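Colleague: After the structure tokens below, expect a handful of questions from me.
Numbering (our numbering), first residue to last: 1 to 162.
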């Protein structure tokens, strides 16, 4: 992949990758660093990137793994969490009370409609109106699906603890 191709394909996805990193790490500086690490990794893999059919999905998978590694490293080192984020990301209450991997696994167990709207909100940063337009649902249906998804995740995570 040439530098121009890299810039045309991967750079426009930066905001999406940042939203995922911000959602998982809940810290702007850490999210910026994670995205920078992602692009360093992608540049190193540039010879193989032509084979990637869905750059957005591939990048989200990589940024998720980078963020999980950062969280694990922070826990092991015993670093105090002295970050002062601005506005918390949407749905941060679920993430704050549970481990990232448990939440991601719980999302994967949701029925397709609920999982789709929640993933569109979390990973793509879409509003209810945008989700409704993208799925063909009404905004009310999107809100209902989102609420049901959140409740199921909370229940699944609560049941796992007991």
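Just so it is clear, CB atoms sit at the ideal spot from N, CA and C, and this is done for glycine as well. Quick caveat, the model's predicted, so the values are computed rather than measured.
1) DSSP three-state label for residue 151, please.
2) In three-state terms, what does DSSP make of residue 10?
3) With residue 128 as the anchor, note down where its alpha helix (DSSP H) starts and where it stops.
4) I think residue 17 touches residue 46, with their Cβ atoms under 8 Å apart; what is that distance to the nearest whole Å?
5) Which residues bound the alpha helix (DSSP H) around residue 46?
6) Expressed to the nearest angstrom, what Euclidean distance is found between the alpha-carbon atoms of residue 21 and residue 44?
7) Counting beta carbon pairs with one atom in the stretch 103-119 and one in the stretch 133-152, are three or more of them shorter than 8 Å?
8) Does the structure place the stretch 119-137 close enough to the stretch 27-44 that three or more beta carbon pairs sit under 8 Å?
9) What is the residue span of the alpha helix (DSSP H) that residue 120 lies within?
10) Under a three-way DSSP split, which group does residue 105 fall into?
11) For residue 59 and residue 38, what's the separation of their Cα atoms in angstroms?
12) Report all residues from its chain with a CB closer than 7 Å to the CB of residue 106; omit the five preceding and five following residues, and keep chain order.
13) Is residue 129 buried or exposed, if buried means 16 or more other CB atoms sit within 10 Å of its CB?
14) Roughly how many whole angstroms lie between the Cα atoms of residue 124 and residue 138?
Modeller: In brief:
1) helix
2) coil
3) 128-135
4) Contact doesn't hold; Cβ gap of about 16 Å is too wide.
5) Membership of residue 46 in any alpha helix (DSSP H) is not indicated, and neither H nor E is assigned to it by DSSP.
6) 20 Å
7) yes
8) At 8 Å Cβ cutoff, the stretches do not touch.
9) 112-124
10) helix
11) Spanning the two alpha carbons is a distance of roughly 8 Å.
12) 153, 156, 157
13) exposed
14) A direct Cα-Cα distance of roughly 19 Å separates residue 124 from residue 138.
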